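Have a look at the structure below before the remarks.
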Amino acid sequence: MITKAAIGPLTQGTIFSCALAEDYVDCVVHGLIITARCDVTNDKVDVYNYIPIVKFDDWLVREGVRALAGRTSRSAMGEMRNTLTQLGLAASILTTTPHNEVFRIIFDADDASSKISSKREQFVKHARRYEAAGKCMQPVPPIAAANALLTLEKAEAGKLVKELCSNAIAEAYYLPGVGPQEERAGYVALLREIRHIPRGLAKAVANGLDRPSYAALQATDSRCGDRLYIPDDDFAWPTGLLQSPFIEHLMQRLTLLFSRIGVSDVNEATVKRLQNRIPAPSGDE
Numbered sequence: 008m009i010t011k012a013a014i015g016p017l018t019q020g021t022i023f024s025c026a027l028a029e030d031y032v033d034c035v036v037h038g039l040i041i042t043a044r045c046d047v048t049n050d051k052v053d054v055y056n057y058i059p060i061v062k063f064d065d066w067l068v069r070e071g072v073r074a075l076a077g078r079t080s081r082s083a084m085g086e087m088r089n090t091l092t093q094l095g096l097a098a099s100i101l102t103t104t105p106h107n108e109v110f111r112i113i114f115d116a117d118d119a120s121s122k123i124s125s126k127r128e129q130f131v132k133h134a135r136r137y138e139a140a141g142k143c144m145q146p147v148p149p150i151a152a153a154n155a156l157l158t159l160e161k162a163e164a165g166k167l168v169k170e171l172c173s174n175a176i177a178e179a180y181y182l183p184g185v186g187p188q189e190e191r192a193g194y195v196a197l198l199r200e201i202r203h204i205p206r207g208l209a210k211a212v213a214n215g216l217d218r219p220s221y222a223a224l225q226a227t228d229s230r231c232g233d234r235l236y237i238p239d240d241d242f243a244w245p246t247g248l249l250q251s252p253f254i255e256h257l258m259q260r261l262t263l264l265f266s267r268i269g270v271s272d273v274n275e276a277t278v279k280r281l282q283n284r285i286p287a288p289s290g291d292e
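Numbers given in this note's numbering equal positions in the sequence shown, counted from 1, plus 7.
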């Protein structure tokens, strides 16, 4: 899937080190070149576009947890509404009143009936899920809150990981590594975050670029500033090349992500009317 990258040229599918990603400060980030091969070969472009690649573990406690939080929040709210419905109460109260206030009024009242008391733990369970999800909605969730939600929703988190590996998450693409024969926990390409580096910087990276050389390059070309993060003990260089047909598959996923068009659903009345046009089974068959 990923082979050794040649030192010298960068091309579509080349993975390089010391890249940047929006919500991954202080994380190891690689970049994957997506600029067309012909444009690179013929030197037609002034910038090379790339998408960031981050470690799976870093993705999981950021974008993964945010996706999990959204699912958990919707599920928990639905379960709290179901609990109220089972008690013959209006679930719509949760749209106007915070869930903790609903608990205080209905379940924590001194005169709560035995029927209501029997549903108390059920409501509390899903209220805790809802609260845990709410702590993970920010761009970079606190690590303690992220780990708590992953533990609480382990089964659903497992489904999310399976979706990632099955390419069922539109904005993410799973990669086993960033170089040949690399056996690690894996990486995730962030399809929604397209970045670029100037041509001169890209060519310098293609041959290996250390921190002092990068500083010198920034001094002569202001466009190169804040395009990479090269630690003192590291250097930016091509670490691997994503092979065919995987690079084409990734590019197809990337294209579909940005070319999707959403339209309104056909209204329910029309659906029912069309369903009613289906012939009913005859009685003699």
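Glycine included, every Cβ here is placed at the ideal spot set by N, Cα and C. Values in this document were obtained by computation on a predicted structure and should not be read as measured data.
For the putative contact between ALA83 and HIS37, defined by C-beta atoms under 8 Å, what is the C-beta separation to the nearest angstrom?
Their Cβ separation, rounded to whole angstroms, is 36 Å, which puts ALA83 and HIS37 out of contact at 8 Å.
May I have the straight-line CA-CA distance separating PRO238 from PRO245, to the nearest angstrom?
16 Å
Give the range of the alpha helix (DSSP H) segment to which PRO219 is assigned.
218 to 227
Neighbour-count burial assignment, SER251, 16 or more Cβ in a 10 Å radius
The residue in question, SER251, is exposed, as its Cβ has fewer than 16 Cβ neighbours within 10 Å.
For the alpha helix (DSSP H) that ARG88 lies in, which residues bound it at each end?
72 to 93
Given a threshold of 16 other Cβ atoms within 10 Å of its Cβ, counted over all protein chains shown, does ALA175 qualify as buried or as exposed?
Within 10 angstroms of the beta-carbon of ALA175 lie fewer than 16 other beta-carbons, which makes it exposed.
Whole angstroms is fine: what's the gap from ARG206's alpha carbon to LYS51's?
10 Å
Could you tell me how far apart the beta carbons of GLY215 and ILE14 are, in whole angstroms, since I believe they sit closer than 8 Å?
In this structure, GLY215 and ILE14 form a Cβ contact; the two beta carbons are roughly 7 Å apart against a cut-off of 8 Å.
Reference PRO148, options GLY20, LYS122 and TYR31, closest by Cα:
TYR31
From GLY77, TYR236 and ALA179, pick the residue whose C-alpha is nearest to that of ALA222; which is it?
TYR236
Per-residue burial, ALA162 [other beta carbons within 10 Å of its own, 16 or more giving buried]
exposed
Quick test of the definition: if touching needs 3 or more C-beta pairs under 8 Å, does the segment 57 to 67 touch the segment 194 to 209?
yes
Length of the line joining the Cα atoms of LEU39 and LYS122:
Roughly 58 Å between the two C-alpha positions.
Would you identify the three-state DSSP class for GLY15, choosing helix, strand or coil?
coil
Taking the beta strand (DSSP E) that ILE123 belongs to, which residues open and close that run?
Not the beta strand (DSSP E): ILE123 falls in the alpha helix (DSSP H), residues 121 to 125.
Under three-state DSSP, which class holds GLY20?
coil
If contacts are defined as beta-carbon pairs under 8 Å, then LEU198 and GLU170 qualify, I think. What distance do you get, rounded to the angstrom?
Rounded, the Cβ-Cβ distance is 14 Å, inconsistent with contact.
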